[in-house]
Structure formats: structure tokens, C-alpha cells
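Remarks on the structure that follows.
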């Protein structure tokens, strides 16, 4: 009986110490959990803030000629009219489906070249962070399209655009996909200002087969062009 009492007293004496140990452990665990939650919240906030502050890549799409300049003629139409009547609506349609980039269109009632060369606006007023994609049709005679590039070697974007031309219209054998030009005055303004660009010659307006393929596959071509420009797959 005496031994039992001694054991009980000893147990009671050790109880506060044990409770203190458990309490300290619990506090440490709670503190650790709280710290982890705070760290996760802080990281999440920083990530969210970074996403908000990182601007999307901006592409400006330009339809060639216009504003009184018809461009090349062939197959009962003009370059300016064909680009605005057939291609522009489809490009706008698929541009709206892009999520990782911002796409805007140069006013189709205007002519980027004349705005640049005669009014000192156009390419002179563009942000240097903008990438310019210009669409044209070739002439006077030939078949297929190509991409006019701003450096001696095509970029990954240029290569993607050339693949679209090759698939739906065919490539101009004279260039095999690309041509580096330094005699285009508006393009020279973009080059001097350090603005990235590609000029897409989609095919020959004077070639019946080219025009037929362009009209027949215009929706697919526009979708593929937007995907090639932004490197984003559209569902």
C-alpha cells in the first residue's frame, strides 16, 4: 500500500513536466504549421503579382496597301481588297482565341507604308516592344509565297509561317521560303528602330491556282498563321 502511494505521488509530480513537454511540442508544431502557411501565402501572392505585372507579347498585324493604294492586281481583284475582304476577318476571328499574347490590327482603312514614309507616323510611332506581321500578295508572275525576313537568317516564327505557306499554297522556288531584303523603305524604318517583323507574301494574286487555294483554305490558313505568329495552339 505504501509503495502504491509513493508511485502515485511520483506520477503526480512528473505530470506537470510531461504536460509542459507536450504543450511545448504542440506549440512548436503549431508555429511550424503557421510559418509554412504564411510562406505559402507569401509565395502565392508573389507569383500572382508576377503574373499581373508581366506584359503579354504584343503583335501588330498589318494588311498591306489600302487607303487609295490598291497594290497588285490579278484575277479580278486587288491586293488591298483581297487581303481585307478574305483574310482580315479570319485573322481577327482566330486572334480572339489567343490567350498568351496580345494581337492588335493596324487600321485597315490606313496604309502603314504611306503613314510611315509621307506622314512620319506609322512605323515611327510603334513601340519597340511590338512585333509587326505584314501580309501581302505577290506579283507580277509566279507561284507560291515566301516570308521577307529582317535578319539574314529566319527566326523560329519565320520558319513556322513558311510552313503554313508551303502546306496550303506552296513556296516560291525563287526564295525557297525566305528572302532577306534591305530595299524596302518601311521595313528599313522598322529595322533601324530595332522592331522585330515578318512580311508574309501569301501567294501570287496573278496566279489562278494560288488565289483558288487561298480562298478555299482561308480559314485554315488564318488559324495556322495566328498559331505560327504566337507559337500557341488554338483549340
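Residue numbers (the numbering used here): 846 to 1080. Positions of the beta carbon are idealized from the N, C-alpha and C atoms, including for glycine. Here the structure is a predicted model, which is why all the values come from computation and not from measurement.
Residue closest to residue i, alpha-carbon to alpha-carbon, out of the options
i	options	result
residue 901	962, 919 and 1075	1075
residue 1002	971, 977, 962 and 921	977
residue 1047	1000, 1027, 1080 and 984	984
residue 1007	1023, 997 and 937	1023
residue 974	1067, 1031, 905 and 939	905
residue 911	921, 930 and 903	930
residue 1054	907, 903 and 919	919
residue 958	908, 1018, 946 and 933	908
residue 1005	922, 915, 1073 and 928	1073
residue 950	962, 963, 935 and 964	935
residue 1042	1027, 1011, 937 and 914	1027
residue 962	1035, 995, 1058 and 1050	1035
residue 1050	899, 923, 914 and 903	923
residue 916	982, 940 and 965	982
residue 995	970, 1037, 969 and 986	1037
residue 1052	986, 1068 and 948	986
residue 1012	1030, 971 and 1061	1061
DSSP state of residue i mapped onto helix, strand, coil
i	result
residue 909	coil
residue 994	strand
residue 902	strand
residue 1026	coil
residue 918	strand
residue 954	coil
residue 1000	coil
residue 943	coil
residue 1038	coil
residue 1031	helix
residue 857	Unreliable positioning characterises residue 857 in this predicted model, as indicated by a pLDDT of 45, which lies under 50. A coordinate reading is not provided.
Endpoints, beta strand (DSSP E) assigned at residue i
i	result
residue 947	946-950
Opening and closing residue of the alpha helix (DSSP H) in which residue i lies
i	result
residue 926	924-927
residue 966	From DSSP, residue 966 is part of no alpha helix (DSSP H); its letter is neither H nor E.
residue 1058	1053-1061
residue 937	933-940
Identified DSSP bridge partners for residue i
i	result
residue 1016	990
residue 1077	The partner list for residue 1077 (beta bridge, DSSP) is empty, contrary to what the question assumes.
residue 972	None; residue 972 has no bridge partner.
residue 1043	978 and 994
residue 983	1049
Close-in-space but distant-in-sequence residues of the same chain around residue i (CB under 6 angstroms, 5 per side omitted)
i	result
residue 1015	989
residue 1044	979 and 993
residue 1070	1009
residue 943	1075 and 1077
residue 945	1077
residue 997	1025
residue 967	957, 960 and 961
Nonlocal neighbours in the same chain, by C-beta distance under 8 angstroms from residue i, ignoring five residues either side
i	result
residue 867	With a pLDDT of only 48 at residue 867, under 50, the local geometry of the prediction cannot be trusted, and the value read off the model is given with reservation. Excluding sequence neighbours, residue 867 sits near nothing in its chain.
residue 1039	973
residue 999	992, 1007, 1022 and 1023
residue 1020	991
residue 1087	Lying before the first or after the last residue shown, residue 1087 is absent from the chain, which here runs from 846 to 1080.
Near the ligand ADP: residue i beta-carbon under 8 angstroms from a heavy atom
i	result
residue 1054	As for the ligand ADP, it is missing from this structure, which has no ligand bound.
Contact set for residue i: own chain, Cβ-Cβ below 7 angstroms, skip 5 residues either direction
i	result
residue 953	908, 911, 929 and 933
residue 955	911 and 912
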